[in-house]
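Input: a single structure, listed below in structure tokens.
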Ligand code: AMP
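This is the structure:
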């Protein structure tokens, strides 16, 4: 009997609850320090206890996954804690396209795919001496915004970088990626593409709450500078958003373009959940600064179904359950090879 497995973090609860509801056995690769937390949830059938998630690559956990005929659902923690090469070397089938995860964590590749999908992006700034407007400085990978900072000149960039190195947040050699800051209403657009139905579904929208950039808005500007600290973009949680209905057509178009672009440049394409992340400006024009090529934690706000999925399904449907449903459909139709890599 097929089991659905994931790492104990990020959106594991939603994924395994959805899997259980669809009749699968559930398996959690769990760090020992978090065992107590996850034991609280009755829908987790089996635990693979590890000291660190990287152990999932070792023979013993691999054997357990194989014996359970497991399919791994990748999420942000997998990407944050393992290199693309390590993820690609996982023997257990991975839901979606494990090859596209490299395109998510490598900034150059990410830009290439977003360009191919014709997503409107903020301008890239190639070096600090070209900073002549407000920019955001980012790190590689899915660091969750930790250590990101804003700057408005080369000098400002140098000072903040030095401060972060001094604090041990970033290293001296770490390559940083500079992008124009796009101001507006944050919107993280969540999709699911089914290669079985050959259909794109729009699931929902969330906003991220990031500390301490968000907390700064509560401090009068004349007092902000006294707090001599470089504000970060560390994600603390998410909240729901619905869009003006007139924006939906463009949302679908962006999702479709992304799916088509991924099909062309990283086979088998963007299968399963993904997210296009950006802001809407005062003219409701969307600028996208990121994508995630797998389930995002922002879907956790819709564990009982999202507004847009309630229009497509006559039952509560979370993203975790949608993934499990896809696996169930694929198994019934002998099409598992279409949805895992
Ligand atoms: P990311 O790792 O690119 O998802 O970025 C983390 C956070 O930084 C986002 O959730 C945004 O709040 C912010 N951010 C990233 N890029 C930009 C940008 N170009 N303009 C404005 N905010 C951004």
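In the working numbering, the protein residues as written are 536 to 876.
Even glycine gets a Cβ: it sits at the ideal position worked out from N, Cα and C.
Note that this is a predicted model, so its numbers are computed, not measured.
**Request:** Tell me, to the nearest whole angstrom, how far the beta carbon of residue 707 is from that of residue 700; I am working on the premise that it is less than 8 Å.
**Result:** 6 Å
Exercise. By DSSP, does residue 799 sit in helix, in strand, or in coil?
Worked result: helix
Tell me which same chain residues have a C-beta within less than 6 Å of the C-beta of residue 866, skipping the five on either side of it?
none
Taking 7 Å as the cut-off, is the C-beta of residue 643 nearer than that to any heavy atom in the ligand AMP? no
I'd like the list of long-range same chain contacts for residue 871, defined as Cβ closer than 7 Å, with 5 residues on each side in sequence excluded.
865
CA-to-CA distance, residue 855 to residue 552, given in whole angstroms: 7 Å
Hey, could you find the ends of the beta strand (DSSP E) residue 808 is sitting in?
807 to 815
* To do: Could you tell me which residues DSSP puts in a beta bridge with residue 725?
  => 739, 810
query = Straight-line CA distance for residue 611 to residue 833?
reply = Their backbone Cα atoms lie some 11 Å apart in a straight line.
Neighbourhood of the ligand MN [Cβ distance below 5 Å to any heavy atom], ordered by chain position: The ligand MN is absent from the structure shown, which contains only the ligand AMP.
- Query: Between residue 592 and residue 673, what straight-line distance do the alpha-carbon atoms span, to the nearest angstrom?
  - Reply: 29 Å
For this session: With residue 670 as the anchor, note down where its beta strand (DSSP E) starts and where it stops.
Result: Counting along the chain, the unbroken beta strand (DSSP E) around residue 670 starts and ends at 670 to 673.
Going by the DSSP bridge assignment, what does residue 711 pair with across the sheet?
Paired residue(s): none; residue 711 is not in a bridge.
| message | Which same chain residues end up closer than 8 Å to residue 703 when comparing Cβ atoms and leaving out the 5 residues on each side of it in sequence? | response | none
Notebook entry, point to check: So is residue 651 in contact with chain B if we call contact Cβ pairs under 8 Å?
Noted result: Although the question refers to chain B, the structure presented lacks it and comprises just one protein chain.
- Query: CB-CB under 6 Å to residue 826, same chain, minus the five flanking residues each way: which ones, in chain order?
  - Reply: 811.
Open item on the list: Is the beta carbon of residue 829 closer than 8 Å to that of residue 609?
Closed with: yes
### Query
Can you tell which of 538, 579, 831 has its C-alpha closest to the C-alpha of residue 601?
538
Give the DSSP bridge partners of residue 770, in chain order.
745
Q.
Using C-beta distances below 6 Å, list every residue in its chain close to residue 705, excluding the 5 sequence neighbours before and after it, in chain order.
A. So the qualifying residues of the chain are 682, 699.
task: Identify whether residue 562 lies in helix, strand or coil by the three-state DSSP scheme.
output: strand
key: Minimum length 4: unbroken alpha helix (DSSP H) runs contained in the segment 818 to 865   = 844 to 847
* Asked: On the three-state DSSP scale, how would you describe residue 775?
  -> strand
- Assign residue 677 to one of three DSSP states: helix, strand, or coil. Caution is warranted here: a pLDDT of 49 is assigned to residue 677, below 50, making its placement in the model unreliable, and no coordinate value can be reported.
Worksheet item: Does DSSP put residue 785 in a helix, a strand or coil?
Response: helix
| said: Tell me the DSSP secondary structure of residue 622 in three-state form. | reply: Helix, per DSSP.
*asked:* Taking a contact to mean a Cβ-Cβ separation below 8 Å, would you say residue 583 touches residue 564 in this structure?
replied: yes
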